[in-house]
Every structure is written in C-alpha cells, then in structure tokens.
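Residue numbers (this note's numbering), protein chains in the order written: chain A, 1 to 377; chain B, 1 to 511; chain C, 1 to 72; chain D, 1 to 476.
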C-alpha cells in the first residue's frame, strides 16, 4: 500500500545521535589548600558532589566514559580507572564481571564501581602523603595531571575510531590534531577520516591551588596540545589564583568559573551540574559562561612586572621590561653549565657578544641581489 | 619525461645534473647512470615493486603481523629520534617556500599528480609551520616556466599564504589564470629571488629557503655556483625536497648553505614521505656558531638581539569598528600597546607603528623547541622484567606481558622450539626471531631516562610531537618541578575528613 | 478567528497531481479538500489510503516501467 | 509521529508508548530509580537531558526567562522539542504558582528517583537484588550469549522461514511467542511474514527487541491481566543490570514473575532452572537502555558487546561480513542461513559457497524489497552496520555510487509524500499570520505555507495552540 508513498522513507538520519563523550576530571588534592577550605567545603563533601556529577555524566549515554586524576602536591595519580592491576581503561563493563563484591541493589553498578575505586585510590593517595612531602611543596602537579589526561584522551580517541588505529598518530597534523584556529573545511589536511562515532573529550580541572612558576612551560605545552586535539579545558576554581588556568580555558574554549565566596562554594554541585555537565554537543545550543577579560599581558622575567611593551631575547624568548644594561640576556646570556635534567637550558656555545647591527656595506662577495624580475631562460 | 631518467640507478648519488648557462636542451643528455665503483644499498624506492615482499619478514608462525607492527612502530618513531639535545635554535625564522610548477609536476607517480599533491600538502605545511613558529615570517614562490614567481609577500599570517597557494589552481581574480605546470624550473632564479626577498630579514632571524622540486633538471640563465656562493654569504640555508631521484646540484646547494650538512636534502618516496619531509622542516633549525664553509673572514652575523614587542590586551566593543589590518568591521580585537590601533588577529606587526604585536602564549608555543623533551629509549625484555611494568604510565594501555626468562642463548637463536612452548603457555609471541626494525622496542615499551617510566608507542609519539611533556616526570615526586616550604599536619585533617566517608547519601541539601 | 482543519497534505509532481485531480473528479470530489498549488493538495484524512490505492492502479495501467535485465 | 523521529537519542517506539501513558501511571513508574534513570538516558533528547540535570539540584523553580537566556537563540527548535518531550512525559511541568513569572519544575517523583539513582541512596531495590546461585555453579557470560543468540535467532528464523526455502524446521519457538508475533503483525495468521515483519528483520537487534517488547507491553495487560507499569519498570530495570550477575526473583511482583517465562523465551533473560529463584540478564537485556551509538562505538572497544557478542558464535565473522563493491556486487562471508535470507530480501544472490555467498544489488531486487515495505535507508544501514572490517577502513564505508543508486531506485517509485496534520486558515491580520508562521518554522513544525492565501500547514498543533494563546494573552 505504501508503494507509492514516500513519506516514511525520508525521515531519519541515524547518525544524529550524540557521540560518546569522555570526561576527564583532574582533582587538585593539595592538602594545604583543602585545609584552608575545610570550614566551608571539606574535601569529602567536594568528592561526594563530584561523584554525583560523574554519575550524571555517565547517565547521559551508555558509552560515556570517565577518568579521574588526582593532582597531588608532589605527583599526579590516577584515581579512576585504577592503574596497575591489569585492566583495560576503556571498558568499564569488564570490571563488573571481575569484581568480587556483588552489586548493590540500590546502586547502578557502574556508579558503584567508580565510587569505590575513586575513594580507595583517593584515600591511598592521602595516606601515602608524608610530612616530608608536605614540607617540600605547597602546590600541585597540575602539569603532570594534564599530561597524563591528554595522553589518555589521545589514546582513547584512537581506540574509539573504527579505523585502523595504528595509522592515526603517524603525522602530528592528522585529523585528530589538526589546527583549531581557522578554516572549517580543510581539503589539504591529510586524508579526512570520517568516524562513525568519534569520541568527544573534555577535561575538568577542579583547582584549589595557585600557579606554580616552575610549571609554566609544561602547563603551556599541555594547553597547546589540548588546543590541537580540540579538548576544552574547563576550570572550576575553588580557591587560589591562577592565570595559567584562565588562559587554558580561554585558549581551548573551555568554561572558567571561579566561585570565590563561601556561600557560592556551597553550591558546588549546582555549578557542576549546570556549568560543566553539558558536553560539546549540548554546549553548541547553550550560552556558556565565559568570555570575560583574560589577561594576556606578559610578566617580565626580570622583575615579574606585567608589561604592555616588552623586550624579547631572540634566542630564548625571555621577556624583559626594559632594555638590558649589560646587553646580556639574563636567562641565556650567561654561561650555563649543562644540566643533566630534562629541562636543561639550551646550550649556547660561548662566543663574544657583539651588539653590532649588520651594516649593508659589510656584505662581502656578491652585490646586492636585485629584487626586480628574474632573467628569462 | 620517462626517458629522462633511468629508474634503476645504482649510482650512489643518483643523477648528476649539469647546470649550464643557456643550455636549454641540456636536460636529457646530462643524465646518465655513471657507475662509480662505489656501491650502496638500494633505497626502497629504487628497487621497485617485487622487492617489497622481502621487506616484510615472515614470522616463524607464518604471520606477517608482528613484523608489520615493528615496521609501523619504527616508522612512527623515525621522526622522534632527532631533536633531543637542547641546542640553540633559530626561533625567529624567515622562510621562503618555493614550489615547483614545472612540467615535471604533471608526473602521476603520486595521485592524482605531483602538482595537486604538492599544493595540498603545502597548505597543510603552512598551517603547521605557523603553529610551530608563531613569530616567524614566510613567503611563497613558485618556479614556473623558467621563471620564479612570487605568490605571497613575506608575512606572518598563514591565511595569506594559504590563499596564495590555493590561488595557484583557483585564482581569486579573473585577471589571473590558473597556473598549470609548465616549462622547466630554474633553481638559480629561485635562489636569487629568495635571496632578494630575505635580504632585509633582521640579523637575529634565520634566512631559510625550502624548495619542493619535482623536476630532475634546472634550466638556469647563468652560473648557479655563483648564486650558491652569494647565498652562502647571505647566510641563506636551503633545504630541498626532491622527487624521483637525487640530484647532485641539489646536494651541493644544501651542503654548501648548511655548513656541509646535506641532510636537509631529501627525496620523497611517496606522498606520505613527502609530507614527513615537509613537516620535518617545521622544526626550527639548529644555530651553528660559525659556518665552517664560509669563505669570508667575517663572523656570521647571527647576532642575537633584543626585540621590542607589544603585548596588547584584548578588547570587546559594543559597536563594531574598523580594524587597521584588513579594514573590516569587527567587534573587538587587540589594541596596539603603543599607538592604540586596533588589529583583529595576532601575531602581526602593527600596521601603524610597525611594532610586533604578540601574545605571551605565542612565545610559549616556541618554548618546546628550546626545551625539547628528551627521547625515550627502547626497552629490552630484560629491563621490562626488572621494572615489571604492565601498562603504559600515561594511557594505561596494556603492554604485552614479559615472557618467562629464557636461557640467553635460546633468546639469541630464537628457535622455533621455544616459540612452540611459549604459545602453549599462553605466553606472548616469540621474542627476537629476527632483527627488529630499527627504533622499535622489542617489548613495545619505551622508557624515559629521567623518571624510568614506561610508555607505549602511541604515547611516545604523542608526547614528542604534540604534548612535549613527559607525563612520568611531571607526575613523579622526584622529577617534578616544585616549590619549597609548607605547613604540615594538614594531611591528618584530610585523611580524617575522608574517613568520615565520601558517603553515598544526598550530597547536599538543596530543598 | 483562526481555524485549524485536520487533514493530509499531499505533495507530488504536477503530473501525479493531474492524475489525482482526475481521480477526484471521477469520484465526485470525495478526496480533495483544497487544491493548494502546483505540487500540493489538501486531502481528507480518511480517504488517503484509498486515494493511494487508486493512484497505484492508474499508474500501473498507464506507465510502463522499463525493466532492466539484471544481466551481468 | 514526526516529532519522535526527530528526538535524537530517543527510542521512538518506546517514547510513543510512554507519551501515551496517563500522568498518574508515569508518576507511579518514576518511583523506581532505575526507571527514572533509564527514561532519562534512553528517551530524552540531548538538550532535554542537559536541562533536567541543570534543574535536578536547583532549589527553586527554573524561570522560563532564565532558560531562554541560557539557550542560544539559534537553538530554539531544539529547546521547544526538549520541552515538549519533557512535558509530555510528565517529567517537567510549569510551576503552579499563579502569580509571578513563568517557571518550570521537575516532577517530584522523577526528580527524587533520579537523585537516588545518581547517589545510590534510598531503600528501593530497583537495580535488582543480586544473588549467588546455590552450589556455586556460576553461569558464565558465554552461556548467556549462547542462550540469547539461540532464542533470538529462533524467532527470526521463524519469521524468515516462511519465505526462504531451507530454513524451516530450525526454529522451535513457543506458542506464546508465535501468537505475540502475530499480534504485532510481524507475521500473518498463516505464519507468513508481513511488511512490518520485513522492516523488523532489518532493524538492529536492539530495536528488534524493543519492537517486540512494545507489542508485549501493549497486549499483555489485556490478555494476561498484567500491570503495564510493572512490565515497563521491569524492562527498565533489566537495562540497568549487570551481565554475568545472577539476580534474585524473590522481590519481583507477580506480574514480573509471570514475565520471566516470556522473557526467557525471547532470550532476554536466562534461568538455569525454573526451580531456583534466580535469573540472569543476557546481553539483550543489559543493553536495552543503551542507545544505538553506544552499540556502534563499542564495536571498536575491546569488549565484545551486543552485536558482536551475538553474532559471535554463529559462524559468521564476529563483526561485519558484507563487502559491497562499486559495481553493485556483494560478497557476504557468512554461513548463517538467517543472514543469507535477510540478504536475499534485497539482493539477487548468485552463488553459495561453504563460507560465503555472492550476489548483486539490482534494481529489481531493491525495488522488490521496497515494494515489500523495506526502505532504502534500512538497506543501506543494514549494509553499513554489517560491513566487513576491510570496508570500514575506507570512508565512507559503502561506495557512494551504490548508496546513491539504492536511494534513486527508491525515489523512482515515490510518487508523492503525505503528511497528516492541520491546515491553519483564516488569520485575522497579516501580523498574526506572520508571527505564527515564523514560530512554526523555528520549532520545525511547518510543512507548507502560502503567504498569498495566508494559510499554512503544520504536522502538530499543540505547540501552535499554546503559542497562539500566549500571544493573545500577551496582547491583551
């Protein structure tokens, strides 16, 4: 009967369902900062709220994944999935079959697993913190946590792609990592690989500590990597002051919220559920908080002054607020011994510095090339 | 064209091209396979198709998978094995990209042809280049019918160059015609043009020329050796990516302008390889203290200098206003810190006062060149057993389990007998039956020498090409950068708080 | 006052529409409520099924499908 | 009808059933946290989920003006869609306070249950009471998969068997199932497959299960005196259970105990013996509330899931088995008669080998399928979903020429499209007409309009009606 009626045949596009999404939470577990917050928002309460948030994320879609990393004072540590015991990170379902304890009747099984692992790992992290660790540092390993999170995301993205995963990361400008800045369609950018259900990922940083100057470069590197992978870095700033993370959220299109007053912090869960829960797909339809002014001015390396106009060393890109009197770059101009550490300074083989501008007349050899036309063959 | 070179050259440096003045017809005759007596292992691309089957070693179980995997890993790592020592690099670069638009580009050894492939890759290259070198300048030229044409002026805006490259095939204005490949290229003209374009480049920056050359000849109006000499004097550094075969003259250009190092001359074997070679040049070049090949007594004027730069703040406006750079109406942009002119994107030179305007993040983007991540090393089964690593430190991918320790000689011989027992035990595939592809680790683990963490191949590639951080070092108490000082006792508090339970009750009373 | 009429909107080629109009005229206007434009008709909901049936019969009689031979 | 197909993640059939339920019944249904979670996950459009989550822990009603400010102007259509589904499912309603601005609140029962689901609190036992089998003879996942596959394929065989030679005699399904298939109009009185049946066959397994369960849900209350709320909440509970875990039947209602037999016949659950008070959900059950994309994406994941798990042992390659070439030739690496007969629905099969069949997609074969009520999109999605791993490496998966041609073959037969709905006429003023048309267009209801005649056609009227009364109220 419907042979001549095409009505029902044109309707749906089944690819329309939202892609699975991976949420990586970086929880700053800096004991110093949480101690200060303990009156208004103890860590346990924050973690309870975070668990509700994670469960909410998981209930959006069966295929949604979650990962939690603690950014502790001296190290970054996986909280979920638990590292070491042989288990695959991307298939939480498998856990169910191997868990010794039976699921509870009042808890969705997946939620229960995450809750238990997260709490176990978190208390292990806390209990393993020695007084010596505490005295050695006051801030948190956000760069390490970000690096781990990004590596994990890059791997998860590869796994979720139905294509042969081995070929993808071969060139760094492949589709996963292609440049985020402009030009939506990009015929030149390698071979386009359509995915049936690409994984969209995002990172939420729950931060309570301030910036760590020594981590500037690794944090920046992480931000750029996130930018290339189009992973938004959402930041929930409960305490402390960080320019890095604000820049991170801005550069990657993430959400930056800083509830500073104690009463605002009490509403942590509402911030999470409304501000950070929407995934990339939902964000397209929502007015997300953000924008605002981001401080992009640079701090000079010599006096930590924030400058509008600065002087940059052409070799090491150090920024100075005024022309240097000795004419030697404070960062690289001095003779440096070759450190064995990773972040060794660039080796500059010493050579007498000449602040001499190259003059046109100095050119030896050939005459000035003509910039007019080229001679014909 | 087919007759112009001989596929099966056993000659070591490939074909030599004589670049003679005014010799239009020199092309064909100049080529010849001259046996030199020296022998050299054939390149893969020289040996033709039938040799491909040899390249894939068959595993003892008759399976190609493992050897393919090793090849793959080696290939992935190939680019990583370069920059690991912190050396001074020319972060501020002035680059002229020269594309070959001569007849040779119509060759169909890449699909659909070299011309289109090159244009596509050049666009990706420009984007990647500015991603890696945000404060550098570029200029695009093309060798077409004996001439060298300037496609875009020296500037730091990738969009200009991409538009110019696209304009080769699809011209923006009706006046221009699409430039189909035609005639022969002239390296001399190209170098002279590039030299002119780079003449005003400041002393603290590099002057680089990157040539994609499809042809096997250069049809020059004069003595190219003189041009090479003047390029050397002008501190130009030329890198050439050839197609089809190596050319003596290209090798000479590269060697002379790079202080004797001709590694910047590469011949691509296929499209993938072309991309790899191009992308390799996005890494800023190493600064040499003095160029030994420099004949003149003048020291290289590689003087580092202090540059004045503006760090403008972003503004948002309620009403749109014209930007100084494109005369477009925009709502917001950046105000030049010196003259308060509005520009719409950074980095760029202020159109009014000429000061370089930049974000501090742009500078930060280049830091990884200055502080590169050190290479990770392959891990032997022995070492893997020592550390007992089971999964990648960063992404938690499982490593193949460490096989049972075997007698050392059995390991060496890698007999089929041991294989049998191994698989029977459910243990992993046999170890070391044949030399692994270079760069691939037999245990699929890669170790960071500072933190001794093990990573998988994908994280190795990812961390070295994209992230530039070592997840292990940064998350390890001994290697992570830290500040000092503290107050104790807080841990106890925290632990107490946790024991109270991160219970599953209603997290917060909101009703 | 705005009114809402329940019914079925039929969209088709002008050629098909002509056939539909003919069916309607032959049966004494029991199908179509309104002829909206070249490609659109507004039809009584209860009659859609039988209209389709009639169209199918008409098409089978008039249009000859050129069947492909399916040969390799 | 159209609206439900727009809802991105929702399962259209199940959604329609739920929307047909009266508010009190839904309220009753939502008391189970597992149901609330399943409805949330499976039935709601993406934006609706976001809105629900934002409101879940909100102390006060969500002001309509705040909601409008939160959602981008260009996403109005999605917003309206989301609100419509939410209200029709009685999850959200407009605040009852007479004065004051318009605001939304979540239904009490739903909000409470969803919060309980997220936090795992409360005394309900809606996520199943786990239980260990006596004597420790644990049922492994493979047994469950085998059981599910066997039972489900039997049903499919039964349906296909009526058309294809060589498949009969393989199916042994219970009389109850047979009559259910008949009631659902999948087969006719004589056991021959109908058009609905063909459509059914080409669906994904998950959609098939739902189709069957919905027939069950619609018919069982009358025939077997079962409570539909009980049935539904049991179905939703099954979706939240854990594969490989045994559950006790002790705390099930009588209706639900009755269901166990039927669900066992379908292969949705497994009971080692009828005496022990224990049942195991199979993969068919545990993936009930996952949506299609979840099933797809998991194909790449290391764990065998749904499709893969089910197809696993039936002799065919565990994932895809079909290769389609640009010349319309089709090679299917399968031994399963079921798969072969499904292919035969729209392919001209030419050769049968021990482990594969070859055939050709021809105009006649495809149009024959279309005449039987199968759509081009169903064929295409079937081919794509079962494409051989080798095919998956290319993009798009299927050769575009073939995909286009299948569509063209279908369009050739399409002579008209019909849309049932309402014609809006006799607008008093141009302004009124214009506003209403614009509204209809933004919410995606507009099908046709004529500015000259000042009338337009929409496929649903509820929203238009409320818009017009709001508009009138605003004017007054």
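Ideal Cβ placement from N, Cα and C applies to all residues, glycine included.
By the three-class DSSP mapping on this structure, what secondary structure does residue 268 of chain B have? strand
key: With 16 other Cβ atoms within 10 Å as the buried cut-off, status of residue 466 of chain D   = exposed
- request: Would you mind reading off the limits of the beta strand (DSSP E) that contains residue 288 of chain B?
  value: Here residue 288 of chain B belongs to no beta strand (DSSP E), and DSSP marks it neither H nor E.
Practice prompt. Could you tell me whether any Cβ in chain A is nearer than 7 Å to the Cβ of residue 225 of chain B?
Written response: no
(request) Just the C-alpha distance for residue 413 of chain D and residue 206 of chain D, rounded to the nearest angstrom, thanks. (result) 30 Å
| query | With 16 as the cutoff for other CB atoms within 10 Å, does residue 284 of chain B come out buried or exposed? | reply | buried
Query raised in the report: Does DSSP classify residue 279 of chain A as helix, strand or coil?
Result: coil
- prompt: Under the rule that 16 or more other beta-carbon atoms within 10 Å means buried, what is residue 275 of chain D, buried or exposed?
  reply: exposed
Note to self: Looking at the secondary structure, which residues open and close the alpha helix (DSSP H) in which residue 226 of chain B lies?
What the structure shows: 224-233
Which first and last residues belong to the alpha helix (DSSP H) in which residue 23 of chain D is found?
23-29
Notebook entry, point to check: In terms of residues, what are the limits of the beta strand (DSSP E) holding residue 313 of chain A?
Noted result: 309-313
Original post:
Within 6 Å: the Cβ of residue 250 of chain B and any heavy atom of the ligand ADP?
Top reply: Looking at this structure, you won't find the ligand ADP or any other ligand, since it has none at all.
Take residue 326 of chain B as the anchor and find which of B:97, B:159 and B:89 has the nearest alpha-carbon. B:159
>> Determine, for residue 111 of chain A, whether the minimum Cβ-Cβ distance to residues of chain D falls below 7 Å.
In response: yes
Who are the Cβ neighbours of residue 22 of chain A in its own chain at under 6 Å, not counting the five residues just before and after it? 65, 156, 199 and 201
* To do: Give the DSSP bridge partners of residue 34 of chain C, in chain order.
  => C:42
**Request:** Could you name the residues of the same chain whose beta carbon sits closer than 8 Å to that of residue 15 of chain C, not counting the 5 residues immediately before and after it, in chain order?
**Result:** none
**Message:** Using the three-state DSSP reduction, which class does residue 299 of chain A fall into: helix, strand or coil?
**Reply:** strand
- [ ] Compute the Euclidean distance between the alpha carbons of residue 417 of chain D and residue 83 of chain A, then round it to the nearest angstrom.
- [x] 57 Å
task = Under the assumption that residue 194 of chain D contacts residue 231 of chain D (Cβ atoms under 8 Å), give the Cβ distance between them as a whole number of angstroms.
result = Actually they are not in contact, since the Cβ atoms of residue 194 of chain D and residue 231 of chain D sit about 25 Å apart, beyond 8 Å.
TODO: To the nearest angstrom, report how far apart residue 153 of chain D and residue 338 of chain D are at their CA atoms.
DONE: 8 Å
Check whether the region 270-289 of chain D and the region 234-253 of chain D touch, using three or more Cβ-Cβ pairs below 8 Å as the test.
yes
ask   = Do we get a CB-CB distance below 7 Å when we pair residue 245 of chain A with the residues of chain B?
value = no
- Item | Collapsed DSSP secondary structure at residue 497 of chain B in the structure displayed | Confidence at residue 497 of chain B is low in this model, with a pLDDT of 45, below 50, so the placement of that residue is unreliable and no value is reported for it.
Original post:
Just checking my contact of residue 245 of chain B with residue 212 of chain B at CB under 8 Å: how many whole Å lie between their CB atoms?
Top reply: Not a contact, Cβ separation roughly 15 Å.
What is the rounded straight-line gap between the Cα of residue 373 of chain D and the Cα of residue 51 of chain C? 18 Å
Q.
Residues of chain A with CB closer than 7 Å to the CB of residue 70 of chain D, please, in chain order.
A. 286 and 287
field: Residues that residue 37 of chain A contacts on chain B, provided the C-beta gap is smaller than 7 Å
entry: By Cβ distance, chain B contributes nothing, its closest Cβ being about 11 Å from residue 37 of chain A, past 7 Å.
How should residue 24 of chain D be labelled, buried or exposed, when 16 other C-beta atoms within 10 angstroms of its C-beta is the threshold for buried?
exposed
Where residue 318 of chain A and residue 344 of chain B are concerned, what is the direct C-alpha to C-alpha distance, given to the nearest angstrom? 25 Å
| said: For residue 273 of chain D and residue 243 of chain D, what's the separation of their Cα atoms in angstroms? | reply: 18 Å
Can you list, in chain order, the residues of its chain with a C-beta nearer than 7 Å to that of residue 141 of chain D? Leave out the 5 residues immediately preceding and following it. 243 and 244
Give me the Cβ distance between residue 88 of chain D and residue 28 of chain D, rounded to the nearest whole Å; I'm assuming they're in contact under 8 Å. Not confirmed; about 17 Å, so no contact.
- Task: Using the Cα positions of residue 392 of chain B and residue 74 of chain A, report the straight-line distance between them to the nearest angstrom.
- Result: 20 Å
Take residue 104 of chain B as the anchor and find which of B:177, B:88 and B:182 has the nearest alpha-carbon. B:182
Thinking C-beta only, is residue 399 of chain D closer than 7 Å to residue 326 of chain D?
-> yes
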